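Q: The following block contains the structure, expressed as structure tokens.
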Amino acid sequence: MNNADDRKSAIKKLKTLVYSSKQQVEDFRKSVDKRFYKAVLPNHVEWSEQEYANIQCDVLAPEIYSLHRIMIYIHGGSFVGGSRQAWRGFCASLAAATSCRIVVPEYRLAPAYAFPAAVEDLQNVFRNVFTEEQVACSLDSSADGRTQESPEVIVAADGSGASQALALVLSLRERYRSCIKQVILFSPWLSLSPNSALIKNKKAHDEIISSEALRRSGDIYTYSGNLENPMVSPIFISEESLQKLPPIFIQMGEKEILLEDAKTFQKLMTRSGNVCELDVWPNMMFMFQMADEYLAESHLSIEKVGKLITFKKETADEQTLTRSPVLENSMTVEA
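Each residue of the sequence shown is one higher than the last, beginning at 1348 in the working numbering.
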């Protein structure tokens, strides 16, 4: 159990993730980078940089990873901040837990680049990652004389990045979307509508985030008439489009004001015949997963996500897990 001081420290740290109207955008960006940057990555995860479609990306590779699985992680930051540098430590832990390489794009940020600039960047990164992975799968299967496997892509995101992640998935052609096996969302922003009960309640807040912060971030990200666009507020996705989405796993804290929107979204997904699991952690706050130096739940929650990914793959294809490891830059194992 965490003591009261640890909880206070976690809350103080996590508040840095949410843009306040009292801040200048550049000051907000600097504070996030300073607070979350980790000079040493955990679990011996290797870090490199790569350009996809002229967009700088982190590539994080754990010591052991699946050859045919890759994750694209879309960081949060209230649409105006956040960076691959700030999310590097968190994504390294996620990479180790999921035995998966993770690509973290440095997409364009509002207000200089409003919607849909970020989504366009993510589309370009996705298509290039997909093509690279498809070629790798083809070469690997040719060398082994096996039937070619399709690359397995996971899309993950947190906070405001969840809106962009679902916009990305919705916007992709079927040939790309069909290779996305799982979407993972941490504390997602699912509605920026001024007509939502949450944003209408100007006094609504939890330990980290407020309805006013959501409203202001939405106003910076796009124009007022676009806030109910499903590509901005996923809670407005049509039933027909929901049916096209991959399975979704949402993880968040019990104390979040965002929880009701997540419950509504889960019901919409279920009603459409799709899979959406909502994993709620008792007494936890917005993005508690990024306060691992203070909260035991941070580690446990990421372990749970790791089991979700690795166990699902084992169940689907046990034979590939028994093959000999293949050595590349890191030690890898087919899974």
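Where a beta carbon is used, it is the ideal one built from N, C-alpha and C, also for glycine. Being a predicted model, the structure only gives us computed values, none of them experimental.
1) For the segment 1558–1573 and the segment 1586–1597, state whether three or more C-beta atom pairs, one from each stretch, are separated by less than 8 Å.
2) Can you have a look at ARG1448 and say buried or exposed, based on whether 16 or more other CB atoms are within 10 angstroms of its CB?
3) With ALA1408 as the anchor, note down where its beta strand (DSSP E) starts and where it stops.
4) Confirm, please, whether the CB-CB distance from VAL1466 to GLY1428 is below 8 Å.
5) For TYR1366, which of GLU1650, THR1611, GLU1559 has the nearest alpha-carbon?
6) Answer with buried or exposed for GLU1603, where buried requires no fewer than 16 other C-beta atoms within 10 angstroms of its C-beta.
7) When you compare the CB positions of MET1578 and LEU1517, do they come within less than 8 Å of one another, or not?
8) Contact check, ALA1442 vs LEU1407 under 8 Å by CB: the rounded distance?
9) At the level of alpha carbons, what is the spacing between CYS1438 and GLN1598?
10) Does DSSP classify PHE1633 as helix, strand or coil?
11) Between which residues of its own chain and PRO1458 is the CB-CB distance below 6 Å, once the five residues before and five after are set aside?
12) Tell me whether PHE1375 sits in a helix, a strand or coil according to DSSP, three-state version.
13) Straight-line CA distance for TYR1570 to VAL1392?
14) What separation, rounded to the nearest whole angstrom, lies between the Cα atoms of LEU1647 and PHE1375?
15) With a threshold of 8 Å, are at least 3 pairs of Cβ atoms found where one atom belongs to the segment 1355–1363 and the other to the segment 1401–1420?
16) Should GLU1640 go down as buried or exposed, given a rule of 16 or more other Cβ atoms within 10 Å for buried?
17) Leaving out five residues before and five after SER1315 in sequence, what residues of the same chain have Cβ atoms less than 6 Å from its Cβ?
18) If I measure Cβ to Cβ from GLU1480 and keep anything under 7 Å in the same chain, skipping five residues before and after, which residues do I get?
19) Three-state secondary structure (DSSP) at GLU1554?
20) For VAL1387, count neighbouring C-beta atoms within 10 Å of its own C-beta (all shown protein chains included) and say buried if the count is 16 or more, exposed if not.
21) With which residues is GLU1398 paired in a DSSP beta bridge?
22) Keeping to the same chain, check which residues put their C-beta closer than 7 Å to that of SER1446; ignore five residues upstream and five downstream.
23) DSSP three-state call for LEU1625: helix, strand or coil?
24) How about VAL1472 and ILE1531: do their beta carbons lie closer than 8 Å?
25) Taking the CB atoms as reference points, tell me whether ALA1357 and LEU1539 lie closer together than 8 Å.
26) Identify whether GLY1600 lies in helix, strand or coil by the three-state DSSP scheme.
27) Alpha carbons only, please: which of LYS1547, ASP1553, PHE1426 is nearest the one belonging to TYR1460?
28) With DSSP collapsed to three states, give me the class of LEU1592.
29) Cutting at 8 Å between CB atoms, please list the residues of its own chain near CYS1404, excluding the five before and the five after it.
30) In this structure, does DSSP put ALA1461 in helix, strand or coil?
31) Who are the Cβ neighbours of LEU1537 in its own chain at under 6 Å, not counting the five residues just before and after it?
32) Nearest to ARG1354 by CA position, among MET1632, GLU1650, ILE1649, LYS1651, is which residue?
33) Buried or exposed for GLN1574, going by 16 or more other Cβ atoms inside 10 Å?
34) Are the beta-carbon atoms belonging to ASN1630 and GLU1586 less than 8 Å from one another?
35) Have a look at PRO1672 and LEU1606 and give me their C-alpha separation to the nearest angstrom.
36) Taking its Cβ as the centre, do 16 or more other Cβ atoms sit within 10 Å of ARG1522, making it buried, or is it exposed?
A: For this structure:
1) Touching, no, given that fewer than three Cβ pairs across the two stretches are closer than 8 Å.
2) buried
3) Annotation: the continuous beta strand (DSSP E) that includes ALA1408 extends over 1402–1408.
4) no
5) GLU1559
6) So GLU1603 ends up on the buried side.
7) yes
8) 5 Å
9) 15 Å
10) coil
11) ILE1567
12) In the three-state DSSP reduction, PHE1375 falls in the helix class (H, G or I).
13) 40 Å
14) 29 Å
15) Segments in contact, no.
16) exposed
17) No answer is possible for residue 1315: the residues shown for the chain start at 1348 and end at 1682.
18) ILE1417, PRO1498
19) coil
20) exposed
21) In DSSP, GLU1398 forms a bridge with GLN1403.
22) PRO1409, ILE1411, TYR1412, SER1413, THR1657, ALA1682
23) Under the three-state reduction of DSSP output, LEU1625 falls in the strand class.
24) no
25) no
26) strand
27) Among LYS1547, ASP1553, PHE1426, the Cα nearest to that of TYR1460 is on PHE1426.
28) coil
29) GLU1396, GLN1397, GLU1398, ARG1431, VAL1450, VAL1451, PRO1452, GLU1453, VAL1472
30) coil
31) PRO1581, ILE1582, ASP1608, PHE1612
32) MET1632
33) The identity of residue 1574 in the sequence shown is Leu, whereas the question assumes Gln. Buried, because 16 or more other Cβ atoms sit within 10 Å of the Cβ of LEU1574.
34) Going by C-beta atoms, ASN1630 is not nearer than 8 Å to GLU1586.
35) At PRO1672, the pLDDT of 34 sits below 50, so the modelled position is not reliable; the number obtained from the coordinates is stated separately. The alpha-carbon atoms of PRO1672 and LEU1606 are separated by roughly 41 Å.
36) Exposed is the call here.
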